[in-house]
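Data first, discussion second: the structure below is written as structure tokens.
Numbering (my numbering), first residue to last: 5 to 546.
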């Protein structure tokens, strides 16, 4: 970390600087109010810059000034008033960055900004094109006070050579008297080069009329100074232009970090993607060009219930912010989970022009959670997950007046199957049985569970009770069509199942006891199916 020394006897000045530099914490700050300690600190430390009150330079027999002269440390001088004669004298003897009025908040803030900028631009390369020896000396003196690396050119060929071979030029100064046409052609050439599109260009000239300014602005010149050169004006122009560079670089850095690490996208009001971050492109597996112009359905996973998207659009269409977790589909067919925040975008007239979304990758978190709620053998949801969500699903369905079904099914004579064919074959039956259920209940709103052993459960959303009965019968026939041999299960001698089904159409259910009640009712129907020869469906409508 760069070291900064502040020499002043004002507690207010010292405290103000400490607070200012604490904002970015780019420097180790040392402070003192006497020359003896200042000399010790300078000898012991390699200070990047020193801010000091002018009175410490004005003292006679001051060994501090000798150290500052010999070490040529960049200094910012604090003063209650500006003395032009002293300015000239001190600039001859010391490496003065600038003079600052210490009695104003603006002055202290300016000193702080100077140091921060000085640290940022130190050794930046500046291209100086000048016809005048006198002007060149003045300009170079100011540039050196900022510790800038000066590259000089006197003709077009030299300029072109520097531009072609040195891509690190950060600032260009044209000091011309007769090279106007050359300046125009060189500026156009620079602005056509992508690496010089944003490099500031400052023009210094004897006379700059309005028409000339207009033309030069249009081809990319950033600012002007009319001769004679006033050092403070030149410093201010350089300071302002480099401040813009610093802010742009900080913004570019932030944008790159954001683009690389935040999964973000924007859409128009119809949901068509208008921009995506690199992080979005990376996690989805699609190029940006493959995403822009499409809707987010390109990454929609079939496991996601349509009710989630209905809620999402219902929320943002009302100009509210939606938050939730979404499972998405990669280009290669794999999946990933995100925690998303989506909110409307408005123009200055408060018209909605689209939506913006930021997302956090929670795939690992979801995978850990899914492992805890998934049966290891069949990959179906386990009993724990059923206990966690069943009541909420029942409650929501009853309140929304939807038809809902809960079905328990049990593999017929499964113990006998294990005893006859072995537990490994029994596991294979459970896997095949589960796959058959997945093929039957493949809508995202239907949930399948392995409740334990050979017992399974299914939560079914449907429009009518007939739809639920049709699905139950389809599940039964699909299991039979597996044609897995089971000689201990007559009369078909194949693997079959018994079903207990409850269909809910009424809202008149005590919500506090609904889950236990429905589970017991389904279990009762399951045993009724077993008592009636197995491989059949018994149901009850509530």
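Each residue gets a CB set at the ideal place from its N, CA and C atoms; glycine is no exception. A quick note: this is a predicted structure, and the numbers were derived from the prediction, not measured.
Exposure label - residue i; buried when at least 16 CB within 10 Å
| i | result |
| --- | --- |
| residue 435 | exposed |
| residue 185 | exposed |
| residue 143 | buried |
| residue 465 | buried |
| residue 258 | exposed |
| residue 490 | buried |
| residue 376 | exposed |
| residue 480 | buried |
| residue 411 | buried |
| residue 3 | Because residue 3 is not part of the residues shown, which for the chain are 5 to 546, the question remains open. |
| residue 485 | exposed |
| residue 363 | buried |
| residue 198 | exposed |
| residue 332 | buried |
Spatial distance of residue i from residue j (CA atoms)
| i | j | result |
| --- | --- | --- |
| residue 446 | residue 452 | 9 Å |
| residue 54 | residue 341 | 53 Å |
| residue 508 | residue 438 | 25 Å |
| residue 488 | residue 306 | 30 Å |
| residue 380 | residue 433 | 15 Å |
| residue 43 | residue 225 | 45 Å |
| residue 149 | residue 98 | 10 Å |
| residue 96 | residue 23 | 32 Å |
| residue 271 | residue 52 | 48 Å |
| residue 448 | residue 312 | 11 Å |
| residue 240 | residue 151 | 15 Å |
| residue 335 | residue 289 | 5 Å |
| residue 136 | residue 209 | 10 Å |
| residue 130 | residue 176 | 6 Å |
| residue 457 | residue 385 | 13 Å |
| residue 73 | residue 145 | 16 Å |
| residue 189 | residue 253 | 27 Å |
| residue 430 | residue 418 | 8 Å |
| residue 47 | residue 366 | 54 Å |
| residue 390 | residue 265 | 36 Å |
| residue 161 | residue 168 | 10 Å |
| residue 66 | residue 40 | 10 Å |
| residue 26 | residue 124 | 16 Å |
Limits of the unbroken beta strand (DSSP E) element including residue i
| i | result |
| --- | --- |
| residue 200 | Careful: residue 200 lies outside any beta strand (DSSP E) and carries neither H nor E. |
| residue 409 | 407-415 |
| residue 35 | 31-36 |
| residue 111 | Counting along the chain, residue 111 falls outside any beta strand (DSSP E), though it belongs to the alpha helix (DSSP H) covering 109-125. |
| residue 83 | 79-83 |
| residue 1 | The chain is shown only over 5 to 546; residue 1 falls outside these bounds and no answer can be derived. |
| residue 177 | 173-179 |
Option nearest residue i by Cα separation, candidates the options
| i | options | result |
| --- | --- | --- |
| residue 12 | 95, 106 and 87 | 106 |
| residue 222 | 191, 293, 198 and 246 | 191 |
| residue 324 | 343, 350 and 177 | 350 |
| residue 462 | 442, 251 and 131 | 442 |
| residue 359 | 315, 389, 279 and 418 | 279 |
| residue 317 | 339, 173 and 347 | 347 |
| residue 300 | 423, 276 and 293 | 276 |
| residue 249 | 31, 202 and 283 | 202 |
| residue 111 | 80, 156 and 454 | 80 |
| residue 420 | 296, 531, 367 and 500 | 500 |
| residue 374 | 400, 545 and 388 | 388 |
| residue 268 | 35, 255 and 283 | 283 |
| residue 493 | 538, 522 and 519 | 538 |
Bridge-paired residues (DSSP) for residue i
| i | result |
| --- | --- |
| residue 94 | Bridge partners of residue 94: none, in fact. |
| residue 499 | Looking at the DSSP assignment, residue 499 forms no beta bridge with any residue, so it has no partner. |
| residue 286 | Its beta-bridge partners do not exist; DSSP assigns none. |
| residue 331 | 341 |
| residue 363 | 267 and 344 |
| residue 52 | Per DSSP, none; premise fails for residue 52. |
| residue 459 | 414 and 456 |
| residue 378 | 385 |
| residue 2 | Here the chain covers residues 5 to 546 and nothing more, so residue 2 does not appear. |
| residue 489 | 498 |
| residue 544 | 506 |
| residue 157 | 133 |
| residue 466 | 407 |
Span of the alpha helix (DSSP H), counted from its first residue to its last, around residue i
| i | result |
| --- | --- |
| residue 482 | 469-484 |
| residue 102 | Looking at the DSSP string, residue 102 is not in any alpha helix (DSSP H); the run it does join, the beta strand (DSSP E), is 100-105. |
| residue 150 | Run containing residue 150: none; DSSP gives neither H nor E here. |
| residue 436 | 427-444 |
| residue 71 | 67-75 |
| residue 550 | Residue 550 lies beyond the residue range present for the chain, which begins at 5 and ends at 546; the question has no answer from this structure. |
| residue 219 | 214-223 |
| residue 10 | Per DSSP, residue 10 belongs to no alpha helix (DSSP H); it is in the beta strand (DSSP E), 6-11. |
Interface flag, residue i vs chain D, CB-CB below 7 Å
| i | result |
| --- | --- |
| residue 525 | As a matter of chain content, chain D is missing from the structure shown, which is built from one protein chain. |
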